[in-house]
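Trainee: In the working numbering, the protein residues as written are 3 to 138.
Glycine included, each C-beta is placed from N, C-alpha and C at the ideal position.
Computed from a prediction, not measured in an experiment: that's the story for all the values here.
Mind looking over this structure? Questions follow.
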């Protein structure tokens, strides 16, 4: 990975946690699951990168919360924002709001639409999935 071109970078609000990605990011998805809503106060936007392309460049305050038996969420212990989602696969999830701009990414689908809150509607024409990848 050394010497490979950085294609994305990001950080938390206070700057205590920084990361770089030296490979492609996936398209962005909007997650409407109850865990994202409770952790973020609303639905979240995420992308992912190959774990081998991801580098934590400053992470002394990075903390992890096991949100389910199969995944954990990484956040800054100083300023609080959720930054990462990890299910021990070959990819790591990145909350898109933590990325430095411009990203060049595009929102392409909504996931866990069956868990969305009742105070908003999803009115765009993007793909909608009941869960992770089950189309509605």
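1. Is the number of C-beta pairs between the region 113 to 126 and the region 68 to 80 that are closer than 8 Å three or more?
2. Touch check for the region 61 to 69 and the region 99 to 109: three-plus C-beta pairs under 8 Å?
3. Scan the region 35 to 102 and note each continuous beta strand (DSSP E) run of 3 residues or more that stays entirely inside, going in chain order.
4. Suppose you measure from the CA of residue 16 to the CA of residue 130; what does that come to, to the nearest Å?
5. For residue 134, is the classification buried or exposed, using 16 other Cβ atoms within 10 angstroms of its Cβ as the cut-off for buried?
6. When the Cα of residue 80 is compared with those of 13, 8 and 9, which residue comes out closest?
7. Could you give the C-beta distance for residue 48 and residue 31, rounded to a whole number, given that I count them as a contact under 8 Å?
8. Here's the rule I'm using: 16 or more other beta-carbon atoms within 10 Å means buried, otherwise exposed. How should residue 122 be labelled?
9. What does the alpha-carbon distance come out to for the pair residue 111 and residue 128?
10. Going by the DSSP bridge assignment, what does residue 131 pair with across the sheet?
11. List the whole-angstrom C-beta distance separating residue 91 from residue 78, where the pair is believed to meet the contact cut-off of C-beta under 8 Å.
12. Please name the residue or residues paired with residue 13 in a DSSP beta bridge.
Mentor: Reading from the atomic positions:
1. no
2. no
3. 46 to 52, 56 to 60, 64 to 70, 73 to 78, 84 to 88 and 93 to 97
4. 34 Å
5. Around the CB of residue 134, fewer than 16 other CB atoms lie within 10 Å, so the residue is classed as exposed.
6. Residue 80 has its Cα closest to that of 13, out of 13, 8 and 9.
7. 6 Å
8. exposed
9. 5 Å
10. 137
11. That belief does not hold up - the Cβ atoms of residue 91 and residue 78 are roughly 23 Å apart, past 8 Å.
12. 20
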